[in-house]
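Residue numbers (our numbering): 22 to 138.
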C-alpha cells in the first residue's frame, strides 16, 4: 500500500514522542513537504542564483523556482512529504532536472559540491 506521507529523518535525529500520531495531524497547507527553515544561512551561500538566471535553465525545470539569494535554507534532516502532492507537482522530476543542469557543461555547476546544508 502507498503511504500518504513519508517522514525522512537524518541518522542523528532523536525522537522523543509518538511521532506518527503527531505528524498525521500536521497541516501542510497544500505544500508537498513540511520542513524547518534555518534563517541563519541563506541559499545564495550554496547555490549560484546568478548563474541559474544567466544560463536560463528555467525552461528545463518542470517547476517554477521561487528561491532568491536571501531565501532561508531548510533543515533537510527532518522532512515530512505529502506523497500525492509531491507526485502531482513532479518534485522528483524538478530535482532530477536541476541535477542534470548542475552536471552539464552548458549550465553547471549551479551549487557548491560538498557543502553541508
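Just so it is clear, CB atoms sit at the ideal spot from N, CA and C, and this is done for glycine as well.
Terminal residues of the continuous alpha helix (DSSP H) containing residue i?
| i | result |
| --- | --- |
| residue 40 | 40-45 |
| residue 118 | 112-124 |
Which whole-angstrom value describes the C-beta separation of residue i and residue j, a residue pair presumed to lie in contact below a C-beta threshold of 8 Å?
| i | j | result |
| --- | --- | --- |
| residue 56 | residue 96 | 6 Å |
| residue 63 | residue 90 | 6 Å |
| residue 29 | residue 94 | Incorrect: roughly 16 Å between the Cβ atoms, too far for contact. |
| residue 106 | residue 41 | Contact doesn't hold; Cβ gap of about 19 Å is too wide. |
| residue 72 | residue 119 | With a Cβ gap of about 12 Å, residue 72 and residue 119 do not count as contacting. |
Going by beta carbon distance, what residues of the same chain come within less than 7 Å of residue i, once the five residues before and after it are set aside?
| i | result |
| --- | --- |
| residue 10 | There is simply no residue 10 to check, as the chain begins at 22 and stops at 138 in what is shown. |
| residue 129 | 122 and 123 |
Spatial neighbours of residue i within its chain, please: CB distance less than 8 Å, with the 5 preceding and 5 following residues excluded, ordered by chain position.
| i | result |
| --- | --- |
| residue 45 | 26 |
| residue 88 | 64, 68 and 70 |
If you follow the beta strand (DSSP E) that residue i is part of, which residue opens it and which one closes it?
| i | result |
| --- | --- |
| residue 30 | 26-30 |
| residue 97 | 93-103 |
Taking C-alpha atoms, which residue in the options lies nearest to residue i?
| i | options | result |
| --- | --- | --- |
| residue 61 | 132, 80, 92 and 98 | 92 |
| residue 50 | 109, 73 and 103 | 103 |
| residue 74 | 23, 98, 122 and 114 | 122 |
| residue 98 | 58, 118, 72 and 66 | 58 |
| residue 133 | 66, 24 and 114 | 66 |
For residue i, which residues from the same chain have a beta carbon less than 6 Å from its beta carbon, with the 5 sequence-adjacent residues on both sides left out?
| i | result |
| --- | --- |
| residue 78 | 122 and 128 |
Please go through the segment 44-75 and give each complete alpha helix (DSSP H) segment of 4 or more residues, from N-terminal end onward.
Those alpha helix (DSSP H) runs which fall completely within the segment 44-75 and span 4+ residues are 70-75.
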